[in-house]
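Undergrad: In the numbering used here, the protein residues as written are 791 to 1043. We treat Cβ as the ideally placed atom computed from N, Cα and C, and that holds for glycine.
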């Protein structure tokens, strides 16, 4: 059922590392042209060397920068697929001790950043006739957990945005896909959340046999966007087998 994306073109946010970078590389390997968007120019340098990838420096929380990115992409021929991967978590404080600046940052990057990108590129996707939007949310947007309230709130918000968008854009034949990863071991997510404490970040995955890695999620994203356009994977929850649920993780040793 897979289509052959001869001239397919996507924009991937948060593409400098982790799931975003893996997705950009996976799609170019399938013959796509990919605009790899991220804040850090130096982190995009390794992707710029890959044929088929166009680096775009942009902070998704800054509307003026998003407008410039739209201009760049439009002048280069446009896209048919927008993959909103930029996001993140910060802190593990309980609600009673949550830092307002952490909560604000998580809301801005996960919800408002996604909103900025959608509002900018939606006219292009509608005009294409078979546009696709993929939002990378999280199982944290389905099930709250202790120490996760700020991230839960942000991802619940992005999850709700995605559901409403799907209803609103069906009449424009814009496909809206939500990918909800569980435990994924990447080089930056937990380290950033734990404020650079590498030892604490490593403990998150301790004893877990084969936690998901960025390439695993990228494979799921590629599958979703390469299916014939009339097939919409509304919500895809993807976890390692060792994580049977948000609250149940099998650890060995």
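How long is the line joining the alpha carbons of residue 939 and residue 891, rounded to whole angstroms?
TA: Here residue 939 refers to the residue found at position 149 of the chain shown. Here residue 891 refers to the residue found at position 101 of the chain shown. About 14 Å.
Undergrad: Can you give, in chain order, each stretch of the alpha helix (DSSP H) that sits fully within the segment 938-994 and has at least 4 residues?
TA: Counting whole runs of 4 or more residues, the segment 938-994 contains the alpha helix (DSSP H) stretches 939-959, 979-983 and 988-993.
Undergrad: Got a sec, what are the start and stop residues for the beta strand (DSSP E) residue 1011 sits in?
TA: Here residue 1011 refers to the residue found at position 221 when the chain shown is read from its first residue. No beta strand (DSSP E) contains residue 1011, which is instead part of the alpha helix (DSSP H) from 1004-1016.
Undergrad: Roughly how many angstroms separate the alpha carbons of residue 894 and residue 936, rounded to a whole number?
TA: Position 104 of the chain shown, counting from 1, holds the residue named residue 894. Position 146 of the chain shown, counting from 1, holds the residue named residue 936. Their backbone Cα atoms lie some 19 Å apart in a straight line.
Undergrad: Across which residues does DSSP place residue 823 in a beta bridge pair?
TA: In the chain shown, the residue the question calls residue 823 occupies position 33. According to DSSP, which records beta bridges pairwise, residue 823 is partnered with 799.
Undergrad: My output table needs one value for residue 1000: the three-state DSSP class, helix, strand or coil.
TA: Numbered from its first residue, the chain shown carries residue 1000 at position 210. DSSP places residue 1000 in coil when its eight states are reduced to three.
Undergrad: Rounding to the nearest angstrom, what Cα-Cα distance links residue 985 and residue 827 in this structure?
TA: Counting from one through the chain shown, the residue named residue 985 turns up at place 195. Counting from one through the chain shown, the residue named residue 827 turns up at place 37. In a straight line, the C-alpha of residue 985 is about 24 Å away from that of residue 827.
Undergrad: Per DSSP, which residues does residue 926 bridge with? Please list them.
TA: As a working note, residue 926 is residue 136 in the chain shown. BP columns for residue 926 point to 969.
Undergrad: Whose C-beta lies closer than 8 Å to the C-beta of residue 1037 among residues of the same chain, with five residues either side of it excluded?
TA: Taking the chain shown and counting its residues from 1, one reaches residue 1037 at position 247. For residue 1037, where only same-chain residues beyond five positions count, the Cβ hits under 8 Å are 933 and 935.
Undergrad: Looking at C-alpha atoms only, which residue of 924, 1015 and 888 is the closest neighbour of residue 905?
TA: Within the chain shown, numbered from 1, the residue matching residue 905 stands at position 115. Of the candidates 924, 1015 and 888, the one whose C-alpha sits nearest the C-alpha of residue 905 is 924.
Undergrad: Would you say the beta carbon of residue 929 is closer than 6 Å to some non-hydrogen atom of the ligand NAP?
TA: For the structure depicted, the ligand NAP is absent and the ligand set is empty, with no information on it obtainable.
Undergrad: Quick one: grab the DSSP three-state call for residue 1025.
TA: The residue given as residue 1025 occupies position 235 in the chain shown. The answer is strand: DSSP assigns residue 1025 an E or B state.
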